[in-house]
Amino acid sequence: MIIPPNGYNAAGPPESPSDWLAYLHGKLTNQLPDLFKYAAYYEGDHQRLAFSQARYREEFREVFENWRDNFCGLIIDAATERMTVDAFRLPGVPGTDKDAWEFWQRSSMDVLANSVHLDAMIHGRAYVLVWADEDGEPSIVPVSAENMVIQFKPGSRTELEAAARFFLDDWGRQWVTLWTESYVYETKRGETDWENGTQRPNPLGVVPVVPMHNRGRLTGKPYSDLHNVIPLQDAINKTVSDALTASEFAAFPQRYVTGLEIVEDDHGQPIEPFKVAIDKLLQAEDPAAKFGQFEAASLSNYCDLADLLLQHLSSVSRTPSHYFLVNGGTPPSGEAIISAEAGLVAKVRERMLYFGEAWEKVIRLCFAVKRDKRAKEFAMETVWRDPEYRTESQHIDALLKLKQLNVPEEQLWSDAGYSPSQISSFREMRKDDAKAAAEVQKLMPQPELTGATHAPSEGKAARMAAKAPQGNSGNANRKINEKK
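This is the structure:
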């Protein structure tokens, strides 16, 4: 575990690096219980079944120990699987920015970006660190909210005053780093005394950490998508556990017999009079004996309640109900599925608004590492893949209609879902096609040019202009020409 120094107890803001670390570590410690709870519910490691009585827990704990009916992971994955960054676009520059995409690819963000979105929606926050590697190239490093904490400047929701990362490696050694606008403070690897760290200037002049907040509010903590889901998940667990208990005790028909003498063993315990089986017949010599059967308990009430809770879960999380197989397991199709997923698509687009702004800050920090003027390009845009699922024919038909509005082909390629690398390949392919067509044109027989198609020389043109008019131009015109 991280070994912190003495806690920060001063009334004013921290001043020394050790005070900043103490303050930020205390802030992180207060957040960890909620972060661990949200992560456990996403993974399905929370309390799986809540039995109504303790004796049922003792009876069925081992039977249902590995059983889980977790919808928290489904709700998060349904949104994050639709969020994919395709490129970054600068104003006034045709196409997408190749340098920005190179930063992205070098840091493997085409894979790690999904992890950032995932953590941000689970925990409510995630962080991205931008720093120069050994070659001086910008490196993008995602960091979990379980290991990093930030502090905004007073009165600001965008500018950071400080950020700290507390990290334990696989050998149990702690790594502690503090970033401010003016300096970077690091403790020695495995060092528990935070006062003996190394301080060096911050060449960027800003805190190189970008918070990825999930629908951050003007006040209060960042919002986890599981915050309102967890109570409903607990209710579903309780309902299912009751149904499993009822299925064990009352879902089978129970038989009874009256008027039969009860036989006891030597210890006074009743002896079971019959061995019931499918090929056995129950009979008794006493004419007063009567056989009967209790009806099995119906589990439909539990199913109806579980379906109702799932409908509430669908409404609260804006996840389509067919994801939960509530409506008999028959998914909608065509226009119905587009209408059913409208809430989910709107939710994803809203998250793209917050996450896109954060990714633009990350790319601007990458340009700042390279001392590039594009570090001040605040009009940069994040290009996202379309989160709406449509059939291929519907999608292409819509793009063909956009082409009639003179939308550039490169934009249509991007809307069709092709990556910047594929679009760049398309440009080269079109050049090759044009060259090949020109070569074929040269090899084809050329039409012969007749004399009429040749333009007359300059002298011949002058003589033709001085020639008298011919035909029915009139005698007056002919005489005028002869006088000249």
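So the sequence shown is numbered by my numbering: it starts at 15 and just counts up by one. The C-beta atom is built at its ideal place from N, Cα and C for all residues, glycine as well.
Suppose the cutoff is 7 Å on Cβ atoms and the five residues either side in sequence are ignored; what does the same chain contact list for residue i look like?
i: residue 121; result: 153 and 154
i: residue 323; result: 246, 249, 250 and 253
i: residue 31; result: 192, 199, 211 and 213
i: residue 440; result: 427
i: residue 101; result: 110, 115, 397 and 434
i: residue 226; result: 130, 134, 139, 140, 141, 142, 369 and 372
i: residue 320; result: 250, 253 and 254
If residue i and residue j are in contact, beta carbons under 8 Å, what's the gap, nearest whole angstrom?
i: residue 189; j: residue 221; result: Not confirmed; about 18 Å, so no contact.
i: residue 369; j: residue 60; result: Incorrect: roughly 26 Å between the Cβ atoms, too far for contact.
i: residue 237; j: residue 216; result: Actually they are not in contact, since the Cβ atoms of residue 237 and residue 216 sit about 31 Å apart, beyond 8 Å.
i: residue 212; j: residue 200; result: 5 Å
i: residue 358; j: residue 396; result: Not quite, the Cβ-Cβ distance comes to about 20 Å (not below 8 Å), so this is no contact.
i: residue 89; j: residue 331; result: 5 Å
i: residue 159; j: residue 38; result: Contact doesn't hold; Cβ gap of about 13 Å is too wide.
i: residue 97; j: residue 239; result: With 8 Å as the limit, residue 97 and residue 239 do not qualify as a contact, their Cβ atoms being about 13 Å apart.
i: residue 126; j: residue 156; result: 5 Å
i: residue 502; j: residue 174; result: There is simply no residue 502 to check, as the chain begins at 15 and stops at 498 in what is shown.
i: residue 243; j: residue 86; result: 6 Å
i: residue 137; j: residue 52; result: 6 Å
i: residue 348; j: residue 399; result: Not quite, the Cβ-Cβ distance comes to about 22 Å (not below 8 Å), so this is no contact.
i: residue 378; j: residue 393; result: So it is not a contact: roughly 11 Å between Cβ atoms.
i: residue 313; j: residue 305; result: So it is not a contact: roughly 26 Å between Cβ atoms.
Using the rule of at least 16 other Cβ atoms within 10 Å of the residue's Cβ for burial, across every protein chain shown, is residue i buried or exposed?
i: residue 272; result: exposed
i: residue 387; result: exposed
i: residue 315; result: exposed
i: residue 514; result: With the chain covering only 15 through 498, there is no way to say anything about residue 514.
i: residue 317; result: exposed
i: residue 383; result: buried
i: residue 277; result: exposed
i: residue 443; result: exposed
i: residue 50; result: exposed
i: residue 285; result: exposed
i: residue 15; result: A caution first: residue 15 carries a pLDDT of 47, below 50, which makes its placement in the model unreliable, though a value can still be read off. Burial call: exposed.
i: residue 365; result: buried
i: residue 360; result: exposed
i: residue 46; result: exposed
i: residue 112; result: exposed
i: residue 259; result: buried
i: residue 281; result: exposed
i: residue 171; result: exposed
i: residue 446; result: exposed
i: residue 500; result: Residue 500 lies beyond the residue range present for the chain, which begins at 15 and ends at 498; the question has no answer from this structure.
i: residue 391; result: buried
i: residue 458; result: exposed
i: residue 410; result: exposed
i: residue 118; result: buried
i: residue 29; result: exposed
i: residue 36; result: buried
i: residue 403; result: exposed
i: residue 228; result: buried
Pull the bridge partners of residue i from the DSSP assignment, please.
i: residue 162; result: 179
i: residue 227; result: 139
i: residue 395; result: 103
i: residue 304; result: 272
i: residue 316; result: According to DSSP, residue 316 bridges with nothing at all.
i: residue 406; result: According to DSSP, residue 406 bridges with nothing at all.
i: residue 284; result: 278
i: residue 457; result: None; residue 457 has no bridge partner.
i: residue 154; result: 144
i: residue 174; result: 166
In its own chain, which residues sit with a C-beta less than 8 Å from the C-beta of residue i, not counting the 5 before and 5 after it?
i: residue 362; result: 93, 96, 97 and 401
i: residue 335; result: 324, 325, 328, 341 and 354
Which residues in the same chain have their Cβ closer than 6 Å to the Cβ of residue i, if we skip the five residues on either side of it in sequence?
i: residue 209; result: 32
i: residue 375; result: 224
i: residue 176; result: 34, 165 and 194
i: residue 42; result: 163
i: residue 350; result: none
i: residue 298; result: 274
Does the beta carbon of residue i come closer than 8 Å to any beta carbon on chain D?
i: residue 83; result: Any reference to chain D falls outside this structure, which holds one protein chain only.
Taking 7 Å as the line, does the beta carbon of residue i fall inside it for any heavy atom of the ligand PLP?
i: residue 326; result: The ligand PLP is not part of this structure, which contains no ligands at all.
Taking the runs of the alpha helix (DSSP H) that are 4 residues or longer, which of them lie wholly in the segment 101 to 127?
112 to 120
Taking the runs of the beta strand (DSSP E) that are 3 residues or longer, which of them lie wholly in the segment 188 to 214?
188 to 194 and 197 to 200
Jot down the residue ranges of each uninterrupted alpha helix (DSSP H) in the segment 328 to 362, minimum 4 residues, whole runs only, in chain order.
349 to 354
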